[in-house]
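J.: Numbering (the working numbering), first residue to last: 15 to 171.
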Ligand code: CUA
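(1) Looking at the unbroken beta strand (DSSP E) that takes in residue 148, where does it start and where does it end?
(2) Tell me whether the region 31-41 and the region 58-70 touch, counting them as touching only if at least three CB pairs, one residue from each stretch, are closer than 8 Å.
(3) Return the Cβ separation of residue 98 and residue 165 in integer angstroms, given the expectation that the two are a contact with Cβ distance under 8 Å.
(4) Pick helix, strand or coil for residue 23, following the three-state DSSP scheme.
(5) Relative to ligand 1, is the shortest distance from any of its heavy atoms to the C-beta of residue 131 smaller than 7 Å?
(6) Can you have a look at residue 146 and say buried or exposed, based on whether 16 or more other CB atoms are within 10 angstroms of its CB?
(7) Am I right that residue 110 and residue 130 are in contact with their C-beta atoms under 8 Å? What's the rounded C-beta distance?
(8) For residue 99, which residues does DSSP report across the bridge?
(9) Which partner residues does residue 128 have in the DSSP bridge list?
(10) List the DSSP bridge partners of residue 61.
(11) Roughly how many whole angstroms lie between the Cα atoms of residue 143 and residue 80?
(12) According to the neighbour-count rule (16 or more other Cβ atoms, all chains shown, within 10 Å of its Cβ), is residue 199 buried or exposed?
(13) Is the beta carbon of residue 86 sitting closer than 8 Å to the one on residue 128?
(14) Give every residue of the same chain whose Cβ lies closer than 8 Å to the Cβ of residue 94, excluding the five residues on either side of it in the sequence, and list them in chain order.
(15) Beta-carbon within less than 7 Å of residue 112's beta-carbon, same chain only, minus the 5 sequence neighbours each way: which residues are those?
Here it is as structure tokens:
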């Protein structure tokens, strides 16, 4: 069968493009898996409650700054009340042992998705003392609307 040169050119072009597209899908799904910027660290959700820093959530302060470790689980944040000093950067580290949750500090731009298997981080500063509401903003089940915590920003001693 005689195939015109012009036709052969486009048959090969289409084949090469198809291979390139399939390769792009395979590479982006495996080798260079893409994650949102707040999801840089992985964790085994089955061990979160027992064998990680999230087994003992709380506020930790050292020469590197203030770190708040928060467990977001059905249907509450632990700790329920978080006290941080005013005027210092605060790093929030949040994970979930069960389903997808949100972690939003109302009135600020701290707003992250908390997915099981990942540690989500956000850094925020609170120049003035005050009180903030923290809510879960991803629907996680029947008592989703009850999932909240309190952030108390206090003057450093
Ligand atoms: Cu947790 Cu909604």
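The beta carbon of each residue, even a glycine, is placed where N, CA and C say it ideally should be.
Fair warning: this is a prediction, and the values are worked out from it, not measured in the lab.
T.: Per the coordinate set shown:
(1) Taken as a continuous stretch (DSSP letters only), the beta strand (DSSP E) holding residue 148 covers 144-149.
(2) They do not touch, by the three-pair rule.
(3) 7 Å between Cβ atoms; contact.
(4) Three-state result, residue 23: helix.
(5) Not one heavy atom of ligand 1 falls within 7 Å of the beta-carbon of residue 131.
(6) The residue in question, residue 146, is buried, as its Cβ has 16 or more Cβ neighbours within 10 Å.
(7) Approximately 5 Å separates the beta-carbon atoms of residue 110 and residue 130; this is inside 8 Å, confirming the contact.
(8) Bridge pairing for residue 99: 168 [DSSP].
(9) Answer by DSSP bridge pairing, in chain order: 115.
(10) In the DSSP output, where bridge partners are listed per residue, residue 61 has none listed.
(11) Near 15 Å, if we compare the C-alpha coordinates of residue 80 and residue 143.
(12) Shown here, the chain extends from 15 to 171; a query on residue 199 therefore has no answer.
(13) Contact: yes.
(14) Once the five neighbours on either side are set aside, the close Cβ partners of residue 94 are 163, 164.
(15) Here the set comprises 87, 88, 130.
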